[in-house]
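Visitor: My numbering numbers the first residue of the sequence shown as 158 and each following residue consecutively. The structure follows.
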Amino acid sequence: MAIQESRLLEEKLNQKEGILQELNEIDRFEVLRDTSKTLFNLSVLLEEVTEEKYLQVQLMNDITSPKSKAFG
């Protein structure tokens, strides 16, 4: 009887360890997914800022150019 109970307890422990391992894998996946989303959003933001900065430089070049109509 004690051997049977011991085996049942061991089996339950193994099941719980398996479940914990699966939960850890799910957590890692969610962290990776969230990190991936964050990196994508940052890359989009960087692209927008870079484009805006480029346009500002172009505008300054146009304004300060000797051919600019701003200087008549």
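Just so it is clear, CB atoms sit at the ideal spot from N, CA and C, and this is done for glycine as well.
Given this structure, state the Cα-to-Cα distance separating Arg-164 from Leu-199, to the nearest angstrom.
Guide: Reading the sequence shown from its first residue, position 7 is the one you call residue 164. Reading the sequence shown from its first residue, position 42 is the one you call residue 199. Roughly 52 angstroms between the two C-alpha positions.
Visitor: Is the Cβ of Gln-161 closer than 9 angstroms to any Cβ of chain D?
Guide: Protein chain content of the structure displayed is limited to a single chain, and chain D is not contained in it.
Visitor: Could you compute how far the alpha carbon of Gly-253 sits from the alpha carbon of Glu-168?
Guide: A question about residue 253 goes unanswered here, because the residues of the chain that appear run from 158 up to 229.
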